[in-house]
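Asker: What follows is a single structure, and I will ask about it in a moment.
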Amino acid sequence: MSLGEIRAEAAPRANARVAITRLMLTNFRSYGMLDLKVEPGHVVLIGPNGAGKTNVLEALSTLAPGRGLRGAKLGEMARSQPGEGLPRPWAVSATLAAPAGETQLGVGFLPGGEEAVTKRAVRVDGVAVANPAALVERVRLIWLAPSMDRLFIDGVSERRRFLDRLIASFDPAHARRWGAYEIAMRERLSALRAGAQSAWLTALERTIAETGVVVAVSRLEGLARLHAAMEEQRASVFPRADVAVAGTVETLLAQHAAVDVEDQFAGMLAQSRGADAEARRTSAGPHLTEFVVKHREKGRPAQDCSTGEQKALLIRLVLASAGLPAPGAPEAPVLLLDEIAAHLDEGRRRALFDEIDALNVQAWMTGTDAPLI
Numbered sequence: 099m100s101l102g103e104i105r106a107e108a109a110p111r112a113n114a115r116v117a118i119t120r121l122m123l124t125n126f127r128s129y130g131m132l133d134l135k136v137e138p139g140h141v142v143l144i145g146p147n148g149a150g151k152t153n154v155l156e157a158l159s160t161l162a163p164g165r166g167l168r169g170a171k172l173g174e175m176a177r178s179q180p181g182e183g184l185p186r187p188w189a190v191s192a193t194l195a196a197p198a199g200e201t202q203l204g205v206g207f208l209p210g211g212e213e214a215v216t217k218r219a220v221r222v223d224g225v226a227v228a229n230p231a232a233l234v235e236r237v238r239l240i241w242l243a244p245s246m247d248r249l250f251i252d253g254v255s256e257r258r259r260f261l262d263r264l265i266a267s268f269d270p271a272h273a274r275r276w277g278a279y280e281i282a283m284r285e286r287l288s289a290l291r292a293g294a295q296s297a298w299l300t301a302l303e304r305t306i307a308e309t310g311v312v313v314a315v316s317r318l319e320g321l322a323r324l325h326a327a328m329e330e331q332r333a334s335v336f337p338r339a340d341v342a343v344a345g346t347v348e349t350l351l352a353q354h355a356a357v358d359v360e361d362q363f364a365g366m367l368a369q370s371r372g373a374d375a376e377a378r379r380t381s382a383g384p385h386l387t388e389f390v391v392k393h394r395e396k397g398r399p400a401q402d403c404s405t406g407e408q409k410a411l412l413i414r415l416v417l418a419s420a421g422l423p424a425p426g427a428p429e430a431p432v433l434l435l436d437e438i439a440a441h442l443d444e445g446r447r448r449a450l451f452d453e454i455d456a457l458n459v460q461a462w463m464t465g466t467d468a469p470l471i
């Protein structure tokens, strides 16, 4: 199928257990209108740079909680012309095929005020859903994009977000836990600026401590599952990664019971009220945790590895998470792989496609050359 300068080709692979079979876009990025129907197998988007291949993957990524594949704000995703004021409304609709039947998923953005700019409308089978995190219960999306090639070199926050997305892909409740923690932090900072009474601040700090410890435990358990998945995977050309987290709460959990860590964390927050109010930030907690990755065979931190080795480590982590079962969520994820062949030689490229096939998942891939597979 042709999408202007792009060709959408079905890869000759087995059908996936869960697959997106139709994608419709309205006023999304470079697309005024798009109606793309595909088979349940892999989808390869081929075309020159700037043709809109990544826009298709980004549209799919809006069906996951968070800011999507590019980390963009909702208004930035709208199709626009020079001189326009407010961004245009946009919509993404997808048909999801699974063993239990088809599901219609929809995400939309309607500008017109600050609240509209920061929130999106979500529908499942035509019914409005209040929390975008509910999408994870219908479709699990995991992606790799060229912007992530520097993940191990750039800031700590990007690595932490990557870890949380990985864990949420096989533990859907993780996104809700993180959301509850963020809300509690924002409420405390607002209360500090407003000069709230000590009793109210104590209650908020207790909530932060409880939700923060739950997030930290969730990460530790998720890392243990990732580690076990990499150990159980068949022989792979992609290197095993040793993964860990480094943070105050996680360190305390290694030494004390969770209920005791909650008390200690709440105490830290109480002692830092003045500094946090002045800095307008929370100075301790799992939102500051570092995600640490090492190349096991070479015993080298990921940031010290070559560009190709870093890409290979990322792929190994994604494949491990894709193979993990997710209670309360679809049995298999959908992979979004943007320019996945970059920095991979022919042997690793072929091995990647073989390993994706072994997982029985659908992959949407982009590239400038044909055939990718």
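Taken in order, the sequence shown gives residues 99 to 471; the numbers are from my numbering. Note that beta-carbon positions come from the ideal geometry of N, C-alpha and C, so glycine has one too. Here the structure is a predicted model, which means the values were calculated and not measured.
Please go through the same chain and pick out, in chain order, the residues whose beta-carbon is closer than 6 Å to the beta-carbon of L321, but skip the five residues on each side of it.
Answerer: Around L321: V341.
Asker: E200 bridges to which residues according to DSSP?
Answerer: E200 pairs with A195.
Asker: To the nearest angstrom, how far is the alpha carbon of E407 from that of E319?
Answerer: C-alpha separation (whole angstroms): 26 Å.
Asker: Spell out the partners DSSP gives M131 in its beta bridges.
Answerer: DSSP lists T124 as partners of M131.
Asker: Quick check on DSSP: helix, strand or coil for K396?
Answerer: Of the three classes helix, strand and coil, the one that applies to K396 here is coil, per DSSP.
Asker: Please report the residue range of the beta strand (DSSP E) in which A355 lies.
Answerer: Segment: none, A355 is in no beta strand (DSSP E) and carries neither H nor E.
Asker: For a quick check, are the C-beta atoms of S381 and A368 less than 8 Å apart?
Answerer: Going by C-beta atoms, S381 is not nearer than 8 Å to A368.
Asker: Going by DSSP, what residue range makes up the alpha helix (DSSP H) through T152?
Answerer: Counting along the chain, the alpha helix (DSSP H) containing T152 begins and ends at K151 to S159.
Asker: Three-state secondary structure (DSSP) at Q460?
Answerer: Here Q460 sits in strand by DSSP.
Asker: Could you tell me the alpha carbon to alpha carbon distance between Q179 and T152, rounded to whole angstroms?
Answerer: So the two alpha carbons sit approximately 19 Å from each other.
Asker: Spell out a yes or no on whether the region 131-147 and the region 115-123 are touching, meaning 3 or more CB-CB pairs, one atom from each, closer than 8 Å.
Answerer: They touch, by the three-pair rule.
Asker: Can you find at least 3 beta carbon pairs, one from the region 235-247 and one from the region 155-172, that sit closer than 8 Å?
Answerer: Counting Cβ pairs under 8 Å, three or more are found: they touch.
Asker: From A278, E303 and I413, pick the residue whose C-alpha is nearest to that of A289; which is it?
Answerer: When only C-alpha atoms are compared, the closest one is E303.
Asker: Please state the DSSP three-state secondary structure of I438.
Answerer: Residue state, collapsed to three classes: coil.
Asker: Considering only residues of the same chain and omitting the five flanking positions on each side of G310, which have a CB-CB separation below 7 Å?
Answerer: Same-chain partners within the cutoff: Y279, V347, F363, G383 and P384.
Asker: Apply the 10 Å Cβ neighbour rule to V391 and answer buried if 16 or more other Cβ atoms are within range, or exposed otherwise.
Answerer: When all chains shown are included, V391 counts as buried.
Asker: Whole-angstrom Cβ separation of V227 and V237, contact assumed at under 8 Å?
Answerer: So it is not a contact: roughly 13 Å between Cβ atoms.
Asker: If we ignore side chains and look at the alpha-carbon of each, how far apart do F268 and A195 end up?
Answerer: Going by the C-alpha atoms only, they are around 19 Å apart.
Asker: Who are G253's beta bridge partners in DSSP?
Answerer: Answer is none; G253 lacks a bridge partner.
Asker: Is V116 helix, strand or coil when you go by DSSP?
Answerer: It is coil, neither helix nor strand.
Asker: Can you name the residues that DSSP bridges to V205?
Answerer: Answer is V190 and V220.
Asker: Can you tell me the Cα-Cα spacing of W298 and V357, whole angstroms?
Answerer: Their Cα atoms are separated by approximately 21 Å.
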